[in-house]
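Notes follow once the structure below has been shown.
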Amino acid sequence: MSRRNRALATLSAIASVALLAACSNETTPTDPDGPVTLTFVAYGGVGQDAMIKYYQEPYTAANPNVTFINTSPPDVAQVKAQVESGAVVWDVVAVAPAAATQNCGTLFERLDLSSVDQTNLVPQTVGECYIGNFINATPFAYRTEAFPDPAKAPKTIKDFFDVENFPGQRGILTNLQNGILEYPLLADGVDPDNLYPLDVDRSLAKLETIRDVTTFAPNVGALQQAVSAKQVDLFLLADSRLVPLMDEGMDITIVWDVTVTSINAFAVPKGSPNAKAAERFLATVVDPKAVAGITETLGTAPVNLAAPLNLSENAKKVEVYGPVNTGKTVLQDIEWYAQNFNEVTTKLTNWLVG
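Positions in the sequence shown are counted from 1; adding 275 to them yields this note's numbering.
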């Protein structure tokens, strides 16, 4: 795949920004007790299906006046286009907590989440402009048939960058939440405890060494599809997409060396006419039953430690905080990203299209 084609894949989500900016928002602010339609934006596929089942359906059952329109994928650039044009058509958006924090009050609404019981929530689940819904792990994995001999198969994140000894097409998500900047540094010898502040230039230089054999996917659905179609051999893919692939019968080996995790969150675009209704809905996504349903379905780690879990065998295989993980885990530094998210995004985007 040429650099141009990879860059086009990365920018495909941004291509509709101009169209969204041109659209007019005909929705008027709704009465709190009147009919409300919330436009919910996540990453599609089985992940969003689970969100519909465990977040939306229980909420609409308890609040019949609320309905949802689902679309994907989310993109901060599109949120910016909507806000700046005064044509906000999204109400709830999946977002990196750092992006919501750095753009709090400008691109995203400040939220009153005082009704949320935080007793059993993991730290950093609730922010001024976001609420977390699960912890997402992006482990290094490979199609087992690509390296059938365990003695000759990859065993560390360094092997992901070793093209000579471990040939094959790589797959990486361009979303900052999935470790695209952390993994190159870990492979380059940076200690997991000393990753932050990230040396972005060093990370991109390491990525350059595998650029010609790497598919840079703009979202988890695209990379999941590439794995399913056997278009990539080694990949850094979210746990929520590894479980469905294994459920479909694909033989995947996970390399438990150092694994990057991040808190996935929701936010409300600034100027949403349904901001208060969206805020009330978001207060419910950390309910123990909702968290348990998402965790059991997707294999993600729960943000509510009181969630009653009954994991499937495949979900246990990607349980990043479970006994299967014999390596180390790095939780992304929200504070560092909150101070640098916009700048780092620009630098990464320029590198991808360069």
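Built from N, CA and C at the ideal position, the CB exists for glycine as well.
Owing to the predicted nature of the structure, the values given are computational and were not obtained by experimental measurement.
Span of the beta strand (DSSP E), counted from its first residue to its last, around residue i
i: Phe415; result: 406-418
i: Phe343; result: 341-346
i: Val368; result: 367-370
i: Val311; result: 311-316
i: Phe436; result: Element bounds for Phe436: n/a, residue is neither H nor E.
i: Val599; result: Val599 -> no beta strand (DSSP E), and no H or E assigned at all.
i: Leu451; result: Premise fails: Leu451 is in no beta strand (DSSP E) and is neither H nor E.
i: Leu511; result: 509-511
Burial state of residue i, where buried means 16 or more other Cβ atoms lie within 10 Å
i: Gln331; result: buried
i: Lys592; result: buried
i: Thr620; result: buried
i: Val599; result: exposed
i: Val628; result: exposed
i: Leu557; result: buried
i: Pro493; result: buried
i: Thr394; result: exposed
i: Ser389; result: exposed
i: Thr342; result: exposed
i: Lys564; result: exposed
i: Lys481; result: buried
i: Asn625; result: exposed
i: Ala504; result: exposed
i: Ala337; result: exposed
i: Pro583; result: exposed
i: Gly524; result: exposed
i: Thr489; result: buried
i: Ala297; result: Because the pLDDT of Ala297 is 40, which lies under 50, any placement of that residue in the model is unreliable, and the question is left without a value.
i: Asn615; result: buried
i: Tyr612; result: buried
i: Asp508; result: buried
i: Asn453; result: buried
i: Thr601; result: exposed
i: Asp468; result: exposed
i: Gly407; result: buried
i: Asp514; result: buried
Beta-carbon separation (whole angstroms), residue i vs residue j, contact threshold 8 Å
i: Pro333; j: Ile609; result: So it is not a contact: roughly 28 Å between Cβ atoms.
i: Gly574; j: Glu594; result: 7 Å
i: Glu618; j: Ala590; result: With a Cβ gap of about 36 Å, Glu618 and Ala590 do not count as contacting.
i: Val391; j: Val316; result: About 21 Å separates the two Cβ atoms, so there is no contact after all.
i: Gly309; j: Asn340; result: 6 Å
i: Glu554; j: Val543; result: 6 Å
i: Arg418; j: Ile527; result: 6 Å
Endpoints, alpha helix (DSSP H) assigned at residue i
i: Asp532; result: Taken as a continuous stretch (DSSP letters only), Asp532 belongs to no alpha helix (DSSP H), being part of the beta strand (DSSP E) at 527-542.
i: Ala352; result: 351-360
i: Thr572; result: 563-573
i: Ala497; result: 495-503
i: Ala631; result: Since the first residue shown for the chain is 276 and the last is 629, residue 631 is missing from the structure and cannot be characterised.
Which listed residue (the options) has its alpha carbon closest to that of residue i
i: Pro459; options: Gln452, Gln323, Arg477; result: Arg477
i: Ala581; options: Lys427, Val397, Gly546; result: Val397
i: Gly546; options: Asn345, Gln357, Leu313, Val311; result: Gln357
i: Gln506; options: Asp387, Gly443, Phe409, Asn585; result: Gly443
i: Glu588; options: Met521, Leu479, Gln452; result: Met521
i: Thr312; options: Ala325, Asp324, Ala550, Cys379; result: Ala550
i: Ile432; options: Phe541, Glu457, Asn450; result: Glu457
i: Leu461; options: Thr314, Thr604, Ala374, Leu623; result: Thr604
i: Pro349; options: Asp526, Asn450, Gly361; result: Asn450
i: Lys430; options: Leu623, Gly454, Ile529, Thr559; result: Ile529
i: Asn360; options: Val370, Ala374, Thr381; result: Inspection of the sequence shows that residue 360 is occupied by Ser rather than by Asn. That would be Thr381, whose Cα lies nearest to the Cα of Ser360.
i: Thr559; options: Tyr329, Ala375, Arg385; result: Tyr329
i: Ala634; options: Val370, Ser515, Val363; result: Lying outside 276 to 629, the shown extent of the chain, residue 634 is not represented and no answer is given.
i: Asp387; options: Leu623, Asp562, Asp324, Ala552; result: Ala552
i: Asp366; options: Ala374, Cys379, Phe383; result: Phe383
i: Asp324; options: Pro519, Asp562, Ala362, Asp463; result: Pro519
Within-7 Å CB hit, residue i to chain C
i: Pro425; result: No chain C is part of this structure, which consists of one protein chain only.
Proximity test, residue i beta-carbon vs the ligand NAD heavy atom, cut-off 6 Å
i: Ile527; result: Looking at this structure, you won't find the ligand NAD or any other ligand, since it has none at all.
Legend entry - Validate contact between the region 471-487 and the region 403-414 using beta carbons, cut 8 Å, 3 pairs: Short answer: they don't touch.
Legend entry - At least three beta-carbon pairs within less than 8 Å, the region 394-407 to the region 423-442: no
Inset, instruction - For the region 437-448 and the region 478-491, state whether three or more C-beta atom pairs, one from each stretch, are separated by less than 8 Å. - result: yes
Inset, instruction - Decide if the region 525-534 is in contact with the region 353-364; the criterion is three or more beta carbon pairs, one per stretch, under 8 Å apart. - result: no
Inset, instruction - Check whether the region 496-503 touches the region 310-329, counting contact only when three or more Cβ pairs, one atom from each stretch, lie closer than 8 Å. - result: yes
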